[in-house]
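There are 2 protein chains.
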Amino acid sequence: MEQDGGKITVTIVGGGLVGALSACFFAKRGHKVRLYEYREDIRTAEYARGRSINLAMSVRARAALAVVGLEGALVREHGIPMRARMIHSRNGERRAIPYGTSEQCIYSVGRKYLNEVLLTAAEKNPNVELYFQHKMVGGDLSKGEINVEVEGSKKQMMVKADLVIGADGAFSSVRKQLMKQPLFNYSQTYIEHGYMELCIPPKKSGDFAMEANYLHIWPRGNFMMIALPNQDCSWTVTLFMPFEQFKSLDTPQKLLDFFNHFYPDAVPLIGEDRLVKDFFESKPSPLVSVKCKPYHVGSSAIIIGDAAHAMVPFYGQGMNAGFEDCHIFDNLMTKHKNNLKKALEEFSDYRNPDAEAICNLAMYNYIEMRDLVNHPSFLLRKKFDMFAHWLMPNFWIPLYSSVTFSHMRYSLCIKNREWQDKVLHRSMYFLSFATILGISAVAYKCQDTILNIYTSMIRSAHQYF
Amino acid sequence: MEQDGGKITVTIVGGGLVGALSACFFAKRGHKVRLYEYREDIRTAEYARGRSINLAMSVRARAALAVVGLEGALVREHGIPMRARMIHSRNGERRAIPYGTSEQCIYSVGRKYLNEVLLTAAEKNPNVELYFQHKMVGGDLSKGEINVEVEGSKKQMMVKADLVIGADGAFSSVRKQLMKQPLFNYSQTYIEHGYMELCIPPKKSGDFAMEANYLHIWPRGNFMMIALPNQDCSWTVTLFMPFEQFKSLDTPQKLLDFFNHFYPDAVPLIGEDRLVKDFFESKPSPLVSVKCKPYHVGSSAIIIGDAAHAMVPFYGQGMNAGFEDCHIFDNLMTKHKNNLKKALEEFSDYRNPDAEAICNLAMYNYIEMRDLVNHPSFLLRKKFDMFAHWLMPNFWIPLYSSVTFSHMRYSLCIKNREWQDKVLHRSMYFLSFATILGISAVAYKCQDTILNIYTSMIRSAHQYF
Numbered sequence: 073m074e075q076d077g078g079k080i081t082v083t084i085v086g087g088g089l090v091g092a093l094s095a096c097f098f099a100k101r102g103h104k105v106r107l108y109e110y111r112e113d114i115r116t117a118e119y120a121r122g123r124s125i126n127l128a129m130s131v132r133a134r135a136a137l138a139v140v141g142l143e144g145a146l147v148r149e150h151g152i153p154m155r156a157r158m159i160h161s162r163n164g165e166r167r168a169i170p171y172g173t174s175e176q177c178i179y180s181v182g183r184k185y186l187n188e189v190l191l192t193a194a195e196k197n198p199n200v201e202l203y204f205q206h207k208m209v210g211g212d213l214s215k216g217e218i219n220v221e222v223e224g225s226k227k228q229m230m231v232k233a234d235l236v237i238g239a240d241g242a243f244s245s246v247r248k249q250l251m252k253q254p255l256f257n258y259s260q261t262y263i264e265h266g267y268m269e270l271c272i273p274p275k276k277s278g279d280f281a282m283e284a285n286y287l288h289i290w291p292r293g294n295f296m297m298i299a300l301p302n303q304d305c306s307w308t309v310t311l312f313m314p315f316e317q318f319k320s321l322d323t324p325q326k327l328l329d330f331f332n333h334f335y336p337d338a339v340p341l342i343g344e345d346r347l348v349k350d351f352f353e354s355k356p357s358p359l360v361s362v363k364c365k366p367y368h369v370g371s372s373a374i375i376i377g378d379a380a381h382a383m384v385p386f387y388g389q390g391m392n393a394g395f396e397d398c399h400i401f402d403n404l405m406t407k408h409k410n411n412l413k414k415a416l417e418e419f420s421d422y423r424n425p426d427a428e429a430i431c432n433l434a435m436y437n438y439i440e441m442r443d444l445v446n447h448p449s450f451l452l453r454k455k456f457d458m459f460a461h462w463l464m465p466n467f468w469i470p471l472y473s474s475v476t477f478s479h480m481r482y483s484l485c486i487k488n489r490e491w492q493d494k495v496l497h498r499s500m501y502f503l504s505f506a507t508i509l510g511i512s513a514v515a516y517k518c519q520d521t522i523l524n525i526y527t528s529m530i531r532s533a534h535q536y537f
Numbered sequence: 073m074e075q076d077g078g079k080i081t082v083t084i085v086g087g088g089l090v091g092a093l094s095a096c097f098f099a100k101r102g103h104k105v106r107l108y109e110y111r112e113d114i115r116t117a118e119y120a121r122g123r124s125i126n127l128a129m130s131v132r133a134r135a136a137l138a139v140v141g142l143e144g145a146l147v148r149e150h151g152i153p154m155r156a157r158m159i160h161s162r163n164g165e166r167r168a169i170p171y172g173t174s175e176q177c178i179y180s181v182g183r184k185y186l187n188e189v190l191l192t193a194a195e196k197n198p199n200v201e202l203y204f205q206h207k208m209v210g211g212d213l214s215k216g217e218i219n220v221e222v223e224g225s226k227k228q229m230m231v232k233a234d235l236v237i238g239a240d241g242a243f244s245s246v247r248k249q250l251m252k253q254p255l256f257n258y259s260q261t262y263i264e265h266g267y268m269e270l271c272i273p274p275k276k277s278g279d280f281a282m283e284a285n286y287l288h289i290w291p292r293g294n295f296m297m298i299a300l301p302n303q304d305c306s307w308t309v310t311l312f313m314p315f316e317q318f319k320s321l322d323t324p325q326k327l328l329d330f331f332n333h334f335y336p337d338a339v340p341l342i343g344e345d346r347l348v349k350d351f352f353e354s355k356p357s358p359l360v361s362v363k364c365k366p367y368h369v370g371s372s373a374i375i376i377g378d379a380a381h382a383m384v385p386f387y388g389q390g391m392n393a394g395f396e397d398c399h400i401f402d403n404l405m406t407k408h409k410n411n412l413k414k415a416l417e418e419f420s421d422y423r424n425p426d427a428e429a430i431c432n433l434a435m436y437n438y439i440e441m442r443d444l445v446n447h448p449s450f451l452l453r454k455k456f457d458m459f460a461h462w463l464m465p466n467f468w469i470p471l472y473s474s475v476t477f478s479h480m481r482y483s484l485c486i487k488n489r490e491w492q493d494k495v496l497h498r499s500m501y502f503l504s505f506a507t508i509l510g511i512s513a514v515a516y517k518c519q520d521t522i523l524n525i526y527t528s529m530i531r532s533a534h535q536y537f
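This is the structure in structure tokens:
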């Protein structure tokens with residue numbers, strides 16, 4: 073249904089971070105929202121262990137939260153700023169690599185807390201109704217219809233709205249319906265690594281057991297471990313490695329030998345008993361990257377967040393991109409005066425290249441974080457980028473900064489980096505060529521000719537950048 | 073079930089080209105085969121128009137057919153050899169570009185005829201039972217079970233075998249079951265072009281209206297038309313262009329104007345009336361490229377052919393790759409003495425990089441056929457490759473020849489081409505450098521120094537190739 077300025081009804085599938093935020097956005101516009109989540113209410117449920125990676129909040133998520141008035145409560149009051157990566161070597165050495173300038177940082181925020189605040193904020197608005205333990209089991213998206221089954225009962229009911237929003241994550245039921253559309257492009261790629269969450273408890277004094285304002289990384293080539301600080305001064309530790317390797321650690325002794333060899337400084341912080349207990353009580357979870365196109369069906373359904381573009385967690389942008397989806401869609405609703413057809417079409421076209429770009433960047437960072445971060449050439453480039461950025465802050469924006477500290481379209485972040493690589497590559501080329509010419513000039517005593525070549529090189533250099 | 077040397081039961085889903093050939097292979101080994109096809113028997117059905125692209129048979133399919141004793145009947149007696157592409161320019165000029173040496177050719181074979189011969193050959197073997205209008209509607213592949221529904225009835229029956237083979241094409245029902253497996257990688261990509269089949273009838277004399285032993289191509293940049301000869305001296309013409317462009321030709325006049333502008337020499341051959349009739353009676357069909365991994369479930373199910381790796385038809389390798397799947401799987405059954413677990417695992421691991429390689433090559437050829445084929449640099453490279461191949465037939469095998477006229481693994485065909493590109497690129501680089509040095513030597517009168525550099529360059533050149 074296309075409405076010009078009028079109010080519409082919205083069904084949101086999924087009450088995770090993006091679904092809950094989306095409810096806030098639509099309710100704020102005065103639309104009527106019904107949200108269906110198949111799990112129980114996270115605010116009253118037991119603590120859901122093993123679901124907290126990827127919550128490093130940066131400017132994209134913050135900007136979206138600011139629109140619905142939640143940035144202060146969630147980020148400035150609750151988030152723990154992380155200003156740098158802290159790289160742990162096997163020999164116990166640590167080295168900080170800043171994320172950006174001294175003012176820039178990302179924020180560690182607990183997934184559960186964030187989800188709770190968003191659900192409560194949504195529920196406060198009289199336009200919003202939340203239904204937990206209601207599972208989508210089918211529907212006809214082209215008519216804005218979904219079928220919902222209440223947990224425990226076998227009874228289904230049909231829910232109809234002007235717009236269905238699929239914010240139901242990487243294994244989205246709404247997307248499954250989209251897959252029946254003709255010409256729907258889709259890919260799902262599992263990486264060979266799984267992840268498992270462990271925990272570093274607070275010190276006896278109640279303080280953090282490591283320096284708090286860092287994202288700690290133990291890069292080990294083909295595998296790695298990271299740790300993010302929590303409000304209660306504990307750390308959520310995440311171990312990433314190939315499933316095969318998880319499988320090979322099949323006795324407590326093997327596990328401890330492995331940890332003492334690769335993460336010796338972490339063992340006393342986690343505690344041997346807790347390490348063994350947590351490791352053998354859990355199973356590694358898979359990591360999937362999902363791309364698809366288009367995101368919408370006619371003027372009646374759209375997928376956002378992980379449902380549209382699940383990514384591996386190595387750029388810390390999964391939630392940021394999902395929140396930015398809500399923000400962008402809100403702007404499009406304003407731009408197109410609530411004309412759903414136009415807003416949905418533009419969202420698909422505009423957002424797809426950016427979503428695919430950040431999926432690709434996250435996959436690339438999967439290698440960077442566990443391996444490259446240890447290479448001198450990587451560190452040299454980081455230093456050069458920081459220096460150039462300090463010298464020309466608006467002209468030379470390093471890739472990480474453009475993704476994390478700017479609102480530049482993700483696809484442009486990649487193009488910007490490609491342009492930087494080209495400039496650097498050609499500068500090297502020019503420099504080498506000039507050096508060879510210089511040496512030739514001295515050797516063959518024909519400085520005048522060479523000087524002429526230099527002059528014309530410099531004159532024409534601008535063409536190459 | 074793992075059997076060493078024993079006989080097994082096989083369920084094949086899909087009675088198209090690959091399913092029927094697969095039945096021949098398994099029956100020949102003495103296994104018991106039941107094949108289920110959801111369409112009616114193609115041998116008694118009305119002519120299925122619009123399903124004949126991609127049947128250019130080359131050595132991979134021929135080798136597979138030879139094993140089951142069908143190569144003679146199908147290729148040498150029935151196929152029409154095509155020795156070159158015949159490129160039609162807009163101004164009526166034609167130019168032949170050979171596929172390989174003067175002895176090499178590909179064969180145009182009718183899909184319907186081929187399918188009929190394969191089904192009949194399979195049925196002749198007492199080990200094979202064929203069931204048409206039986207549709208797979210689900211199942212548990214890990215137990216070798218599929219559920220089958222007979223057309224017209226709502227009754228389902230469960231069929232159990234040691235091995236389920238999914239040879240049910242690009243939209244495979246068996247693959248849909250595989251998608252439920254954890255860690256299953258999958259992608260489906262539709263291109264923005266659709267295709268539509270037209271027809272050039274025989275001349276009144278009963279002869280071919282164009283030179284028979286060619287694959288005719290009308291490349292027009294962003295779209296193209298091709299024609300393959302049929303046994304009855306007609307031509308199957310296939311028009312490839314963006315769906316938008318199909319849509320824009322919405323009146324007979326627009327269609328004729330378009331054809332007279334872009335394919336003037338084809339209009340009198342097709343006939344204006346027939347062109348208008350066929351065009352407006354059909355709808356363009358989509359083209360999809362499918363990649364996935366792994367191809368098997370435990371020791372009880374596998375997908376082959378388009379079900380595992382549907383590709384766009386621009387390399388003419390869809391059927392060739394599918395038949396090669398049957399051939400490779402047969403060899404693996406021999407190698408592993410009918411141990412299904414080992415054969416299935418090795419098939420997945422070994423075949424996946426090759427299947428993805430030919431999917432990528434087909435996608436690349438989508439650009440080459442409609443556009444590059446008109447570029448001087450493309451033609452120059454083709455000529456160079458042909459010359460180098462003539463000079464060193466075992467050392468320098470052009471990409472097209474390695475794919476079409478050899479049994480080289482598809483993934484190696486790409487690596488081989490990359491190596492050739494590197495050699496050519498570096499040769500150019502060396503040549504340019506040597507020329508500059510030569511000129512410098514004359515200019516600065518220091519021939520001796522330069523001669524020394526030359527000598528050491530040549531000495532170290534082998535390192536770079």
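Line by line, the protein sequences give chains A and B. Everything in the first sequence is counted per my numbering, starting at 73 for the first residue and increasing by one. Everything in the second sequence is counted per my numbering, starting at 73 for the first residue and increasing by one. All C-beta atoms in this analysis are idealised placements derived from N, C-alpha and C, irrespective of residue type, glycine included.
Inset, instruction - Would you decide whether residue 76 of chain A is buried or exposed? Buried here means 16 or more other CB atoms lie within 10 Å of its CB. - result: In this prediction, residue 76 of chain A scores a pLDDT of 44, lower than 50, which makes its location untrustworthy; the coordinate-derived value is nonetheless stated afterwards. Taking all protein chains in view, the Cβ of residue 76 of chain A is surrounded by fewer than 16 other Cβ atoms within 10 Å, so the residue is classified as exposed.
Legend entry - Nonlocal neighbours in the same chain, by C-beta distance under 6 Å from residue 207 of chain B, ignoring five residues either side: Sequence-distant Cβ neighbours of residue 207 of chain B in its own chain, meaning closer than 6 Å and more than five residues away, are 110, 221.
Legend entry - Alpha-carbon to alpha-carbon, residue 499 of chain A and residue 508 of chain A: Looking at the two C-alpha atoms, the distance is approximately 14 Å.
Legend entry - Interface partners of residue 261 of chain B on chain A, CB under 9 Å: Residues of chain A whose Cβ lies closer than 9 Å to the Cβ of residue 261 of chain B are, in chain order, 257, 258, 259.
Legend entry - 6 Å Cβ shell around residue 331 of chain B - same chain, five flanking residues per side excluded: These residues qualify, in order along the chain: 339.
Legend entry - Reference residue 145 of chain A, options A:186, A:132, A:157, A:114, closest by Cα: By alpha-carbon distance to residue 145 of chain A, the top candidate from A:186, A:132, A:157, A:114 is A:186.
Legend entry - Helix, strand or coil at residue 122 of chain A [DSSP, three-state]: Because the pLDDT at residue 122 of chain A is just 44, under 50, the model does not fix this residue reliably, and the value given afterwards should be weighed accordingly. It is coil, neither helix nor strand.
Legend entry - Beta-carbon proximity check, residue 83 of chain B vs residue 209 of chain B, cutoff 8 Å: At least 8 Å separates the beta-carbon of residue 83 of chain B from that of residue 209 of chain B.
Inset, instruction - Determine the contact status of residue 295 of chain A and residue 315 of chain A, defining contact as a CB-CB distance below 8 Å. - result: In this structure, residue 295 of chain A lies away from residue 315 of chain A, with their beta-carbon atoms at least 8 Å apart.
Inset, instruction - Could you tell me whether the Cβ of residue 358 of chain B comes closer than 8 Å to any Cβ of chain A? - result: Chain A contact via Cβ: present.
Legend entry - Contacts around residue 177 of chain B, its chain only, beta-carbon distance under 8 Å, and the 5 residues preceding and following it disregarded: The residues are 153, 154, 155, 171, 285.
Legend entry - Members of the segment 443-471 of chain B near chain A, C-beta cut-off 7 Å: Listed in sequence order: no entries.
Inset, instruction - Please go through the same chain and pick out, in chain order, the residues whose beta-carbon is closer than 8 Å to the beta-carbon of residue 329 of chain A, but skip the five residues on each side of it. - result: Only residues of its own chain outside the window of five on either side were considered, and among them none has a CB closer than 8 Å to the CB of residue 329 of chain A.
Legend entry - Spatial distance of residue 180 of chain B from residue 302 of chain B (CA atoms): Straight-line spacing of the CA atoms in residue 180 of chain B and residue 302 of chain B works out to 7 Å.
Inset, instruction - Grab me the residues of residue 306 of chain A's own chain with a C-beta within less than 7 Å of its C-beta, minus the 5 sequence neighbours each way, in chain order. - result: Excluding five sequence positions before and after residue 306 of chain A, the CB atoms of its chain that fall closer than 7 Å to its own CB belong to 271, 272, 273, 274, given in chain order.
Legend entry - 6 Å Cβ shell around residue 492 of chain A - same chain, five flanking residues per side excluded: No residues qualify anywhere along the chain.
Inset, instruction - Return helix, strand or coil for residue 431 of chain A, following the three-state DSSP convention. - result: Residue state for residue 431 of chain A is assigned as helix, using DSSP reduced to three classes.
Legend entry - Partners in chain B for residue 254 of chain A, counting only beta-carbon separations shorter than 9 Å: Listed along chain B, the residues sitting closer than 9 Å to residue 254 of chain A by beta-carbon distance are 262, 358.
Legend entry - Nonlocal neighbours in the same chain, by C-beta distance under 7 Å from residue 317 of chain B, ignoring five residues either side: Scanning its chain for C-beta atoms nearer than 7 Å, with the 5 sequence neighbours on each side dropped, one finds around residue 317 of chain B the residues 295, in chain order.
Inset, instruction - Count the other C-beta atoms from every protein chain shown that fall within 10 angstroms of the C-beta of residue 293 of chain A, then say buried if there are 16 or more, exposed otherwise. - result: Exposed, because fewer than 16 other Cβ atoms sit within 10 Å of the Cβ of residue 293 of chain A.
Inset, instruction - For residue 166 of chain B, I'd like the list of residues in its chain whose CB is within less than 7 Å of its CB, leaving aside the five on either flank, ordered along the chain. - result: Here the set comprises 158, 159, 160.
Legend entry - residue 315 of chain B - containing alpha helix (DSSP H), residue span: Segment 315-320, the alpha helix (DSSP H) holding residue 315 of chain B.
Legend entry - Contacts around residue 263 of chain B, its chain only, beta-carbon distance under 7 Å, and the 5 residues preceding and following it disregarded: Shown here for residue 263 of chain B: same chain residues with a beta carbon closer than 7 Å to its own, the five before and five after excluded, namely 359, 384, 438 in chain order.
Legend entry - Inter-residue Cα distance where the pair is residue 435 of chain A and residue 116 of chain B: Distance from the CA of residue 435 of chain A to the CA of residue 116 of chain B, rounded to the nearest whole angstrom, comes to 52 Å.
Inset, instruction - Reducing DSSP to helix, strand and coil, say where residue 96 of chain B ends up. - result: The three-state secondary structure of residue 96 of chain B, taken from DSSP, is helix.
Legend entry - Beta-carbon gap between residue 485 of chain A and residue 495 of chain A smaller than 8 Å: Against a cut-off of 8 Å, the Cβ pair of residue 495 of chain A and residue 485 of chain A comes out as no contact.
Inset, instruction - Tell me whether residue 377 of chain B is buried or exposed, calling it buried when 16 or more other Cβ atoms sit within 10 Å of its Cβ. - result: So residue 377 of chain B ends up on the buried side.
Legend entry - For residue 452 of chain A, the first and last residue of its enclosing beta strand (DSSP E): That residue, residue 452 of chain A, is in no beta strand (DSSP E); its alpha helix (DSSP H) goes 448-463.
Legend entry - residue 262 of chain A - partner residues in DSSP beta bridges: The bridge partners DSSP lists for residue 262 of chain A are A:360.
Inset, instruction - Report the three-state DSSP secondary structure of residue 187 of chain A (helix, strand or coil). - result: In this structure, residue 187 of chain A counts as helix in the three-state DSSP scheme.
Legend entry - Residue nearest to residue 223 of chain B in terms of C-alpha spacing, selected from B:213, B:239, B:203: Each of B:213, B:239, B:203 was checked against the Cα of residue 223 of chain B, and the nearest Cα belongs to B:203.
Inset, instruction - Could you check the C-alpha separation between residue 478 of chain B and residue 132 of chain B for me, to the nearest Å? - result: For residue 478 of chain B and residue 132 of chain B, the distance between alpha carbons rounds to 7 Å.
Inset, instruction - Determine the extent of the alpha helix (DSSP H) in which residue 396 of chain B is found, giving its start and end residues. - result: Counting along the chain, the alpha helix (DSSP H) containing residue 396 of chain B begins and ends at 390-407.
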